[in-house]
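Asks: Numbering (this note's numbering), first residue to last: 3 to 323. The beta-carbon is built from N, C-alpha and C at its ideal position, and this holds for glycine as well. Before I ask anything, let me first share the structure, which is written out below as structure tokens.
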């Protein structure tokens, strides 16, 4: 087992040039070999711990009014995916008020055993290929859900470019999915310990890196220094960029750093951060194995940053050295 880092490889060829062609999405949907990813209220349809790729023949002829259709891409050659190479994936985003029962219940036409699951619930066990598709689908779906109207004139916009643009029929303005940059930092002290934080939204024993959104007119480095000072009260004197990861809450791009400080005493803001603790490498590994501390799952950039500091994989409860 090796330390994981976000990969530069991609599961899907998004066919950016082709998807802008008139009728491209309709042509993809006429091909019976394409498969459908289904989202509802931010949850993806899953079965047996894996993302469901539905045969279009199993879908009803007419989906609920307000369903948004997006071309996600074609499975790349030589990629570790259960679908054949060049298979086209189409996202169907059911409207929020689609009349479905709450929680994991699904329409009668969905295969038995499938249910809608959030990314947070599924991420720790998803195959990396499924995780990438889920994140892409959730991010573009979140944008469509929250940006139905033209920001210039307020009129309802129309979906175009195979789901990757919305056009205003009144003023002809074009609008594209937005990505919100956010920083995430593993804080390392002068004694090489790591400072991890517990957020009020988490269980009491969960600790992770510190993250926050970059503000308008702010560089990623400036955002990192500001957010760390605000949330845990330490000053970073230097930063090393590590890598990035798309994150569907709601459609973020996490920019990962290792940050260094000479400060010793953290001061949680008591707004987002409940507690911040220093850990040596041995202390963190022992606490995780004992179940006293839970850290982020292996597919997250937070875990990648922590393990970069650690120098290798951190064993989870029940794993053997």
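Give a yes or no on whether the C-beta atoms belonging to residue 295 and residue 304 are separated by under 7 Å.
Replies: As a position in the chain shown, residue 295 is number 293, starting the count at 1. As a position in the chain shown, residue 304 is number 302, starting the count at 1. No, they are not a contact pair.
Asks: For residue 116, I'd like the list of residues in its chain whose CB is within less than 8 Å of its CB, leaving aside the five on either flank, ordered along the chain.
Replies: For the purposes of this step, residue 116 is identified with residue 114 of the chain shown, where counting begins at 1. Only 47, 48, 49, 54, 108 meet the Cβ criterion.
Asks: By Cβ distance, which residues of its chain are closer than 6 Å to residue 40, with the 5 residues on each side in sequence left out?
Replies: The residue given as residue 40 occupies position 38 in the chain shown. Around residue 40: 47, 94.
Asks: Going along the chain, which unbroken runs of the beta strand (DSSP E) with 3 or more residues stay wholly within the segment 187–242?
Replies: Whole beta strand (DSSP E) segments, 3+ residues: 196–201, 212–215.
Asks: Using only the alpha-carbon positions, how far apart do residue 403 and residue 62 sit?
Replies: Since the first residue of the chain shown is 3 and the last is 323, residue 403 is not available in this structure.
Asks: How is residue 251 classed by DSSP in three states: helix, strand or coil?
Replies: Walking along the chain shown from the start, residue 251 turns up at place 249. DSSP places residue 251 in coil when its eight states are reduced to three.
Asks: Under DSSP, the alpha helix (DSSP H) around residue 126 begins and ends at which residues?
Replies: Counting from one through the chain shown, the residue named residue 126 turns up at place 124. From DSSP, residue 126 is part of no alpha helix (DSSP H); its letter is neither H nor E.
Asks: In whole angstroms, what separates the C-alpha of residue 105 from that of residue 42?
Replies: For this step, residue 105 is matched to residue 103 along the chain shown. For this step, residue 42 is matched to residue 40 along the chain shown. Bear in mind that the predicted position of residue 105 carries a pLDDT of just 46, short of 50, making it unreliable; the figure below should be weighed with that in mind. Straight-line Cα distance between these residues: approximately 10 Å.
Asks: Buried or exposed for residue 142, please, with buried defined as at least 16 other CB atoms from any protein chain shown within 10 angstroms of its CB.
Replies: Reading the chain shown from its first residue, position 140 is the one you call residue 142. Flag for residue 142 reads buried.
Asks: How many angstroms separate the CA atom of residue 3 from the CA atom of residue 315?
Replies: By 1-based counting over the chain shown, the position of residue 3 is 1. By 1-based counting over the chain shown, the position of residue 315 is 313. Only weak support is given to the placement of residue 3: the predicted model assigns it a pLDDT of 36, under 50, and the value that follows is read from those uncertain coordinates. For residue 3 and residue 315, the distance between alpha carbons rounds to 7 Å.
Asks: Give every residue of the same chain whose Cβ lies closer than 6 Å to the Cβ of residue 81, excluding the five residues on either side of it in the sequence, and list them in chain order.
Replies: The residue labelled residue 81 in the question sits at position 79 within the chain shown. These residues qualify, in order along the chain: 13.
Asks: Please go through the same chain and pick out, in chain order, the residues whose beta-carbon is closer than 6 Å to the beta-carbon of residue 318, but skip the five residues on each side of it.
Replies: As a position in the chain shown, residue 318 is number 316, starting the count at 1. Cβ neighbours of residue 318 beyond the five flanking positions: none.
Asks: Alpha carbons only, please: which of 171, 212, 69, 113 is nearest the one belonging to residue 92?
Replies: Translated into positions along the chain shown, residue 92 becomes position 90. Nearest of 171, 212, 69, 113 to residue 92, Cα basis: 69.
Asks: Going by beta carbon distance, what residues of the same chain come within less than 6 Å of residue 250, once the five residues before and after it are set aside?
Replies: Counting from 1 along the chain shown, the entry for residue 250 is found at position 248. Contacts found: 121, 137, 140, 141.
Asks: Measure the C-alpha to C-alpha separation of residue 246 and residue 197 and round it to an integer number of angstroms.
Replies: The residue labelled residue 246 in the question sits at position 244 within the chain shown. The residue labelled residue 197 in the question sits at position 195 within the chain shown. Distance between the alpha carbons of residue 246 and residue 197 is about 20 Å.
Asks: In angstroms with no decimal places, state the Cα-to-Cα distance between residue 275 and residue 301.
Replies: Taking the first residue of the chain shown as position 1, residue 275 is located at position 273. Taking the first residue of the chain shown as position 1, residue 301 is located at position 299. Their Cα atoms are separated by approximately 23 Å.
Asks: Counting along the chain, where does the beta strand (DSSP E) carrying residue 40 start and finish?
Replies: Within the chain shown, numbered from 1, the residue matching residue 40 stands at position 38. From DSSP, the beta strand (DSSP E) with residue 40 extends over 37–42.
Asks: How would you call residue 209, buried or exposed, if buried means at least 16 neighbouring beta carbons within 10 angstroms?
Replies: Mapped onto the chain shown, residue 209 falls at position 207. With 16 or more other Cβ atoms within 10 Å, it is buried.
Asks: Whole angstroms are fine: how far does the CA of residue 241 sit from the CA of residue 223?
Replies: As a first step, residue 223 is located in the chain shown; it is residue number 221 there, counting from the start. As a first step, residue 241 is located in the chain shown; it is residue number 239 there, counting from the start. Cα-Cα distance, rounded: 7 Å.
Asks: What would DSSP say about residue 29, mapped onto helix, strand or coil?
Replies: One-based indexing of the chain shown puts residue 29 at position 27. DSSP places residue 29 in helix when its eight states are reduced to three.
Asks: Suppose the cutoff is 6 Å on Cβ atoms and the five residues either side in sequence are ignored; what does the same chain contact list for residue 2 look like?
Replies: The first residue shown for the chain is 3 and the last is 323, placing residue 2 beyond what the model contains.
Asks: Need the endpoints of the alpha helix (DSSP H) that residue 23 sits in, please.
Replies: Counted from its first residue, the chain shown places residue 23 at position 21. Neither: residue 23 is in no alpha helix (DSSP H) and is coded neither H nor E.
Asks: Can you tell me where the beta strand (DSSP E) holding residue 47 begins and where it ends?
Replies: Indexing the chain shown from 1 puts residue 47 at position 45. 45–49 is the span of the beta strand (DSSP E), which, as asked, contains residue 47.
Asks: Given 8 Å as the limit, is there contact between the segment 251–259 and the segment 168–176, that is, 3 or more CB pairs closer than that?
Replies: Flag = no, the segment 251–259 and the segment 168–176 do not touch.
Asks: According to DSSP, which residues form a beta bridge with residue 85?
Replies: For the purposes of this step, residue 85 is taken as the residue at position 83 of the chain shown. DSSP, once it has assigned bridges, lists no residue as partnering residue 85.
Asks: Taking 7 Å as the limit between beta carbons, can you name the residues of its chain near residue 17, skipping five residues before and five after?
Replies: One-based indexing of the chain shown puts residue 17 at position 15. Once the five neighbours on either side are set aside, the close Cβ partners of residue 17 are 75, 76.
Asks: With a 10 Å radius around its C-beta and 16 neighbouring C-beta atoms as the bar for buried, classify residue 152 as buried or exposed.
Replies: What you label residue 152 is simply residue 150 of the chain shown in a count that begins at 1. Classification of residue 152: buried, given that the 10 Å Cβ count is 16 or more.
Asks: Pull up the distance between the alpha-carbon of residue 59 and that of residue 88, whole angstroms please.
Replies: Along the chain shown, read from residue 1 onward, the residue named residue 59 stands at position 57. Along the chain shown, read from residue 1 onward, the residue named residue 88 stands at position 86. So the alpha carbons of these two residues sit roughly 19 Å apart.
Asks: DSSP state of residue 176, grouped into three classes?
Replies: Here the question's residue 176 lines up with position 174 in the chain shown. Strand, per DSSP.
Asks: Note down, in chain order, each residue of its chain lying with its Cβ closer than 7 Å to the Cβ of residue 192, except the 5 sequence neighbours on either side.
Replies: The residue you call residue 192 lines up with position 190 of the chain shown. So the list reads 264, once near-sequence residues are dropped.
Asks: In angstroms with no decimal places, state the Cα-to-Cα distance between residue 155 and residue 169.
Replies: In the chain shown, the residue the question calls residue 155 occupies position 153. In the chain shown, the residue the question calls residue 169 occupies position 167. Cα to Cα, the separation comes out at about 12 Å.
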